[in-house]
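Chemist: Here's a structure for you.
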Amino acid sequence: MQHIDFELEGEYVELNQLLKLCGLCDSGGAGKALVASGAVRVDGALESRKTAKIRAGQVVALGDVEVRVHAGPAP
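Take 203 as the starting number for the sequence shown in this note's numbering and just add one per residue.
Encoded structure:
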C-alpha cells in the first residue's frame, strides 16, 4: 500500500479536490466521478459525498493508496 501525507492549508479540503491535489486524478471533476463510483473510503467507510470536508486526522483511501491528512502550520 502506498501512503501519501497531505498537509492542510486551512481547516479542511473538499474530498474531490484532495484527490486532485494528491495526483490521484487529473481534475476536481474526475475526483467527483471517482467518489460517485464508490471507489473512495474515508476513515474506512465508503464516502459518497463528492465535496465532503476532509479534516486533519482523517485517512482517505483509493485502491491501494492511503492519504493521511495532517494539520498545516498555524497561521
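Every residue, glycine too, gets a C-beta built ideally from N, C-alpha and C.
Out of curiosity, what's the CA-to-CA distance linking Leu220 and Ala241?
Modeler: In a straight line, the C-alpha of Leu220 is about 14 Å away from that of Ala241.
Chemist: Could you tell me the alpha carbon to alpha carbon distance between Ala235 and Gly274, rounded to whole angstroms?
Modeler: Each residue's Cα considered, the two are about 28 Å apart.
Chemist: Under the three-state reduction of DSSP, which class applies to Ala263: helix, strand or coil?
Modeler: Note: Ala263 maps to strand in three-state DSSP.
Chemist: Report the option in Leu217, Gly259, Ala247 and Cys224 whose CA atom is closest to the CA atom of Val267.
Modeler: Nearest C-alpha to Val267: Cys224.
Chemist: Name the one or two DSSP bridge partners that Asp228 has.
Modeler: Answer is none; Asp228 lacks a bridge partner.
Chemist: Within its chain, find whatever has a CB closer than 7 Å to the CB of Glu230; leave out the 5 residues flanking it on each side and keep chain order.
Modeler: For the sequence presented, residue 230 should be read as Gly rather than Glu. These residues qualify, in order along the chain: Asn218, Gln219 and Lys222.
Chemist: Between Arg257 and Val271, is the Cβ-Cβ spacing less than 8 Å?
Modeler: In this structure, Val271 lies closer than 8 Å to Arg257 by Cβ.
Chemist: Could you please give the first and the last residue of the uninterrupted alpha helix (DSSP H) stretch that includes Leu217?
Modeler: Where Leu217 is concerned, the enclosing alpha helix (DSSP H) stretches over Leu217 to Leu223.
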